[in-house]
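Since the structure comes first, as structure tokens, the remarks are kept for the end.
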Amino acid sequence: MTREDFKNAKFIDIHAHRQLEQQDTVIIYSFAPGLNELPPKKTLFSAGIHPWNMNEIDISESFLQITSLSKNQELRFIGESGLDSSIEIPLSEQENLFLKHFELSESTKLPLIIHCVRQLSRLLEIRNKRRPRSSWIIHDFNGNQQMIEQCLREGSNKIYFSLGPRFFKSPHSKIANSLKSLPLDRVFFETDDQEEINVKMIYEEFAKRNQIEISSLKEQVIKNYKAL
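Oh and the sequence shown: position 85 is 85 in this note's numbering, straight run, nothing missing.
Structural data, given as structure tokens:
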């Protein structure tokens with residue numbers, strides 16, 4: 001999906017690792033330097049270094065490439081980047097890299113897509129200290145009601161929640177049990193790296209569980225995107 005097609009779109013896939021043409025869907029392709037290819041021209045994308053991949057690439061060279069892309073009008077988000085307690089890479093190193101992404105997000109005024117595993121408290125500490133102007137999107141969010149409320153207490157530059165495969169596949173996940181706490185004006189949807197699902201399926205599942213019309217949900221997500 002190209003930027004020219006956005007006005008005709010009904011669905012938005014905010015974070016995808018696949019480049020698939022879908023006539024009614026805006027897909028934001030996740031570009032990771034050193035690991036996958038830049039998308040074709042006019043394709044909307046994000047760019048960042050995932051903490052899982054820090055030992056697989058030349059970080060300096062990769063981040064230089066991300067910075068060089070920052071004037072590309074198809075680059076819509078910085079990331080994904082973030083903090084993950086489940087991997088062996090020291091959190092101090094992860095945080096240093098995350099802060100580079102944060103600073104680029106601020107200087108470009110582009111929203112930041114965040115990978116966060118058991119580090120929400122630290123993430124919010126950084127946010128409170130740094131006071132970002134750009135919006136944050138926590139991708140594949142799987143938090144409980146308390147975690148949602150923590151994020152909602154943040155300042156005027158909003159934190160958004162992107163629901164993806166974990167929400168779709170796990171009816172008893174933390175986020176599945178906390179949907180009523182999630183404001184519709186903070187919601188996005190994504191397919192992440194899953195090949196067997198499309199974002200329409202996630203929209204439909206969310207609408208069913210929340211007992212809302214899918215047409216209203218589609219309109220709200222487009223409003224959310226435009227508000228970033």
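In this text, a Cβ means the ideal position worked out from N, Cα and C, and glycines have one as well. Fair warning: this is a prediction, and the values are worked out from it, not measured in the lab.
Which residues does DSSP pair with Val187 in a beta bridge?
-> Numbered from 1 along the sequence shown, position 187 holds the residue referred to as residue 187. In the DSSP output, where bridge partners are listed per residue, Val187 has Phe161.
Hey, which unbroken runs of the alpha helix (DSSP H) at 4 residues or more fall wholly within the stretch 3–46?
-> Runs of the alpha helix (DSSP H) lying entirely within the stretch 3–46, each at least 4 residues long, are absent.
Under 7 Å Cβ to Cβ from Phe63, same chain only, skipping five residues before and after it: list those, please.
-> Residue 63 sits at position 63 when you count from the first residue of the sequence shown. Counting only Cβ-Cβ distances below 7 Å, and skipping sequence neighbours, we find Ile49 and Lys100.
For Asn128, is the classification buried or exposed, using 16 other Cβ atoms within 10 angstroms of its Cβ as the cut-off for buried?
-> Residue 128 sits at position 128 when you count from the first residue of the sequence shown. So Asn128 counts as exposed.
Helix, strand or coil: how does DSSP classify Ser85 here?
-> Taking the sequence shown and counting its residues from 1, one reaches residue 85 at position 85. It is coil, neither helix nor strand.
Supposed contact pair Leu182 and Gln150 - C-beta distance, whole angstroms, cut 8 Å = Within the sequence shown, numbered from 1, the residue matching residue 150 stands at position 150. Within the sequence shown, numbered from 1, the residue matching residue 182 stands at position 182. That pair is no contact at about 13 Å.
Straight-line gap, Lys10 to Tyr203 (C-alpha atoms, nearest Å) = Taking the sequence shown and counting its residues from 1, one reaches residue 10 at position 10. Taking the sequence shown and counting its residues from 1, one reaches residue 203 at position 203. Lys10 and Tyr203 have their C-alpha atoms roughly 11 Å apart.
Considering His115, what are the terminal residues of the beta strand (DSSP E) in which it resides?
-> As a first step, residue 115 must be located in the sequence shown, where it is residue number 115. Taken as a continuous stretch (DSSP letters only), the beta strand (DSSP E) holding His115 covers Leu112 to Val117.
How many angstroms separate the CA atom of Asn198 from the CA atom of Leu104?
-> Position 198 of the sequence shown, counted from the start, is the residue given in the question as residue 198. Position 104 of the sequence shown, counted from the start, is the residue given in the question as residue 104. Distance between the alpha carbons of Asn198 and Leu104 is about 30 Å.
Backbone secondary structure at Met1 - three-state DSSP = Translated into positions along the sequence shown, residue 1 becomes position 1. For Met1, the pLDDT reaches just 44, beneath the cut-off of 50, and the residue's location in the model is therefore unreliable, although a value from the coordinates is still provided. In this structure, DSSP gives Met1 a state outside helix and strand, which the three-state scheme calls coil.
Check each candidate in Leu44, Gln22, Tyr29 and Lys41 and name the one with the smallest Cα separation from Asp192.
-> Start at 1 with the first residue of the sequence shown, and residue 192 comes out as number 192. Minimum Cα distance to Asp192 is reached at Tyr29.
Comparing alpha-carbon positions, which option in Phe168, Phe102, Glu88 and Gln146 lies nearest Ile137?
-> Taking the sequence shown and counting its residues from 1, the one referred to as residue 137 is at position 137. Relative to the Cα of Ile137, the nearest Cα in the group Phe168, Phe102, Glu88 and Gln146 belongs to Phe102.
Bounding residues of the alpha helix (DSSP H) (the contiguous stretch that carries Ile214) = Within the sequence shown, residue 214 is the residue found at index 214, counting from 1. Annotation: the continuous alpha helix (DSSP H) that includes Ile214 extends over Ile214 to Ala227.
Cα-Cα separation between Leu217 and Ile113, rounded to whole angstroms = For this step, residue 217 is matched to residue 217 along the sequence shown. For this step, residue 113 is matched to residue 113 along the sequence shown. Cα to Cα, the separation comes out at about 21 Å.
What span of residues does the alpha helix (DSSP H) with Ile148 cover, start to end?
-> Taking the first residue of the sequence shown as position 1, residue 148 is located at position 148. Run containing Ile148: Gln145 to Leu152, per the alpha helix (DSSP H) assignment.
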